[in-house]
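These notes concern the structure reproduced below.
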Amino acid sequence: KLPVRHSSHSARHKGSQALPLAGGMSHRKFEAPRHGSLGFLPRKRSKRHRGKVKSFPKDDQTQAPHLTAFIGYKAGMTHVVRETTQPGTKKEVVEGVTILEAPPMIVVGMVGYVETPRGKRTLTTVWSKVLSDGMRRRFYKNWYKSKKKAFTKYAQRYEATIEEELKRMKKYCSTIRVIAHTQMDLLNIGQKKAHIMEIQVNGGSVAEKVDFGFGLFEKPVYVDGVFEEDEMIDLIGVTKGKGFEGVTTRWGTTRLPRKTHKGLRKVACIGAWHPARVQFTVARAGQNGYHHRTEINKKIYRIGKMEDPEKAKRSASTEFDLTEKSINPMGGFPHYGLVTNDFLMIKGCVVGTKKRVITLRKTLVPGVKSSKTVLKFIDTSAKFGHGRFQTSEEKIKQIGGRKARE
946 KLPVRHSSHS
956 ARHKGSQALP
966 LAGGMSHRKF
976 EAPRHGSLGF
986 LPRKRSKRHR
996 GKVKSFPKDD
1006 QTQAPHLTAF
1016 IGYKAGMTHV
1026 VRETTQPGTK
1036 KEVVEGVTIL
1046 EAPPMIVVGM
1056 VGYVETPRGK
1066 RTLTTVWSKV
1076 LSDGMRRRFY
1086 KNWYKSKKKA
1096 FTKYAQRYEA
1106 TIEEELKRMK
1116 KYCSTIRVIA
1126 HTQMDLLNIG
1136 QKKAHIMEIQ
1146 VNGGSVAEKV
1156 DFGFGLFEKP
1166 VYVDGVFEED
1176 EMIDLIGVTK
1186 GKGFEGVTTR
1196 WGTTRLPRKT
1206 HKGLRKVACI
1216 GAWHPARVQF
1226 TVARAGQNGY
1236 HHRTEINKKI
1246 YRIGKMEDPE
1256 KAKRSASTEF
1266 DLTEKSINPM
1276 GGFPHYGLVT
1286 NDFLMIKGCV
1296 VGTKKRVITL
1306 RKTLVPGVKS
1316 SKTVLKFIDT
1326 SAKFGHGRFQ
1336 TSEEKIKQIG
1346 GRKARE
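In this note's numbering, the protein residues as written are 946 to 1351.
Take a look at the structure:
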């Protein structure tokens, strides 16, 4: 009697005894997963230009009162050579870094929140007596045609109300945030209207928070007072806009065969007959870029102080490269210019175009190990062209100075 040979299909359905076919498909979701993430829907233009902090770090009252966020402006990128600090390995690594210019911010107000069953609610807001024009521009669509009367009546009753409102904050509030704005006159990005945001005060009791915030009124806050070198921070911003783009670029779907009628950068089937509508999960053409994004755990390689002229001259020098050079590359950063204020050097890339406002926040996921960064070299060659020279002195020494005009 001849032995019966089962087909591969029947053998697979006989139970656990039959082994699966070698090289067979496990499941379609592993073999042909969907294109593009649904976690970022809807892919539409952001309604705000500055990144919004949707969650501040958890408060730890055992610490001293401190601010948890700041605002910077993207200047451009360069590269550095650093020494790896992994145990057992010692080698040099070339990495791209982003320079964020962060001039001092001015604290002009404070908000107190109370807890309710539906979340936080504003109890009261206090403002400083003097507000700059750059900040007051934020309250007008057309500053030129306006009467520029914002906060003039508040300044008249400032002395009579400020103490009473601070007492209410200390008595009822659970969360304290200061209102701070950027100084656009220190930047060269062609904008006069200041960016303004609430920055949560963490650490200490509520009374200590209120005293800390009130003590900052009308005073500059520097970026090195909020963050420190080798700290991991979160960056919030709006990505570079690309406009209306097709489904292949927007979602990364596969192109159809070459001879396809009416184009091949399409999705062939956008759904079954029923349900008689297109599902939201189907990739379609539409807006790409200018999306609100948060990137967590970006490392600060260096915080540069540019107020002191001597420090500014050596802001790109290291222990291994003693050349006296500024962080500005030869010719400045393309489409930005020269960095003249304090700056942050961030590992890797940052969302958005040049001059884009970026919100910096203390990380929401502390505990990530962050070792000290040993920078050996910071590139300051021109970002246009081949960039052969690090400084203008080096260029003159190599090819000679310009010929004097007759």
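The C-beta atom is built at its ideal place from N, Cα and C for all residues, glycine as well.
Taking 6 Å as the limit between beta carbons, can you name the residues of its chain near residue i, skipping five residues before and five after?
i, result
"residue 1221", "none"
"residue 1095", "1081, 1084"
"residue 949", "Note that residue 949 scores 47 on pLDDT, short of 50, meaning its location in the model is unreliable; the coordinates nonetheless yield the value given after this. Cβ within range, chain order: n/a, list empty."
"residue 1323", "1025, 1261"
"residue 955", "Here residue 955 scores only 45 on pLDDT, less than 50, and its place in the model should not be relied on; the value that follows carries that caveat. Counting only Cβ-Cβ distances below 6 Å, and skipping sequence neighbours, we find nothing."
"residue 1238", "1184, 1296"
"residue 1129", "1079, 1136, 1137, 1139"
"residue 989", "1232"
"residue 1241", "1179"
"residue 1055", "1071, 1123, 1158"
"residue 1266", "1322"
"residue 1134", "1300"
"residue 1060", "1119"
"residue 1088", "1082"
Take residue i and list the residues in its own chain whose beta-carbon comes closer than 7 Å to its own, dropping the five residues that flank it on each side.
i, result
"residue 1131", "1048, 1286"
"residue 961", "Because residue 961 sits at a pLDDT of 45, beneath the cut-off of 50, its placement in the model cannot be relied upon, and the following sentence gives the value as read from the coordinates. Cβ within range, chain order: n/a, list empty."
"residue 1343", "1334"
"residue 1362", "The chain is shown from 946 up to 1351; residue 1362 falls before or after that span and cannot be answered."
"residue 1000", "1309"
"residue 1283", "1273, 1277"
"residue 1201", "1209, 1211, 1213"
"residue 1223", "1215, 1216"
"residue 1194", "1233"
From the options, pick the residue whose C-alpha is nearest to that of residue i; which is it?
i, options, result
"residue 1081", "1213, 1140, 1253", "1140"
"residue 1092", "1102, 1103, 1078", "1078"
"residue 889", "1053, 1236, 1117", "Residue 889 falls outside the range modelled here, since the chain spans only 946 to 1351, and no answer is possible."
"residue 997", "1289, 1138, 1014", "1014"
"residue 1213", "1039, 1113, 1229", "1229"
"residue 1104", "1090, 1135, 1028, 1072", "1072"
"residue 1029", "1218, 1316, 1293", "1316"
"residue 1294", "1099, 1186, 1041", "1041"
"residue 1120", "1039, 1128, 1148, 1248", "1148"
"residue 1217", "1227, 1155, 1127, 1337", "1227"
"residue 1318", "1161, 1283, 1264", "1264"
"residue 1254", "1266, 1247, 1272", "1272"
"residue 984", "1062, 1225, 1160", "1225"
"residue 1123", "1010, 1006, 1331, 978", "1010"
"residue 1004", "1325, 1234, 1146", "1146"
"residue 986", "1021, 1234, 1109, 1097", "1234"
"residue 1246", "1154, 1112, 1027, 1341", "1027"
"residue 1125", "1144, 1110, 1107", "1144"
"residue 1112", "1043, 1331, 1153, 1021", "1153"
"residue 1057", "1219, 1156, 1101", "1156"
So, under 8 Å CB-CB, residue i and residue j are touching, yes? Tell me the CB distance rounded to an integer number of Å.
i, j, result
"residue 981", "residue 1196", "4 Å"
"residue 1299", "residue 1281", "5 Å"
"residue 1335", "residue 1270", "6 Å"
"residue 1169", "residue 1250", "7 Å"
"residue 1166", "residue 1305", "The Cβ separation is near 12 Å, so there is no contact."
"residue 1066", "residue 1302", "Not confirmed; about 28 Å, so no contact."
"residue 1383", "residue 1002", "Look at the range of the chain in this structure, 946 to 1351, and you will see that residue 1383 is not part of it."
With which residues is residue i paired in a DSSP beta bridge?
i, result
"residue 1125", "1052, 1142"
"residue 1058", "1067, 1120"
"residue 1042", "1023, 1292"
"residue 1313", "None, per the DSSP bridge assignment."
"residue 1323", "1025"
"residue 1147", "1011"
Between residue i and the rest of its own chain, which residues show a CB-CB distance below 8 Å, the 5 nearest in sequence each way excluded?
i, result
"residue 1276", "1327, 1328, 1329"
"residue 1163", "1051, 1052, 1053, 1073, 1074, 1075"
"residue 1243", "1177, 1178, 1179, 1180, 1291, 1292, 1293, 1295"
"residue 1151", "1114, 1115, 1118, 1119, 1121"
"residue 1192", "1198, 1210, 1211, 1212, 1228, 1229, 1230"
"residue 993", "1183, 1237"
"residue 1248", "1168, 1169, 1172, 1173, 1174, 1287, 1288, 1289, 1290"
"residue 1008", "1147, 1148, 1149"
"residue 991", "1183, 1235, 1236, 1237"
"residue 937", "As displayed, the chain neither begins before 946 nor continues past 1351, which places residue 937 out of reach and without an answer."
"residue 1189", "1230, 1231, 1232, 1233"
Sorry if obvious, but does the Cβ on residue i come closer than 8 Å to a heavy atom of the ligand MN?
i, result
"residue 1203", "The ligand content of the structure shown is nil, which means the ligand MN is not present either."
Would you please verify whether the beta carbon of residue i is less than 9 Å from any beta carbon of chain C?
i, result
"residue 1278", "The structure shown contains no chain C; it holds only a single protein chain."
Task: Runs of alpha helix (DSSP H) wholly within the stretch 973–1036 (minimum 4 residues, chain order) - done: 973–976
Task: 4-residue-minimum alpha helix (DSSP H) runs that sit fully inside the stretch 1163–1236, ordered along the chain - done: 1192–1196
Open item on the list: To test your reading of the DSSP string, which unbroken beta strand (DSSP E) runs of 3 or more residues are found completely within the stretch 1062–1102?
Closed with: 1064–1072
TODO: Quick one: which unbroken alpha helix (DSSP H) runs of 4-plus residues sit fully inside the stretch 1231–1310? Chain order, please.
DONE: 1254–1258
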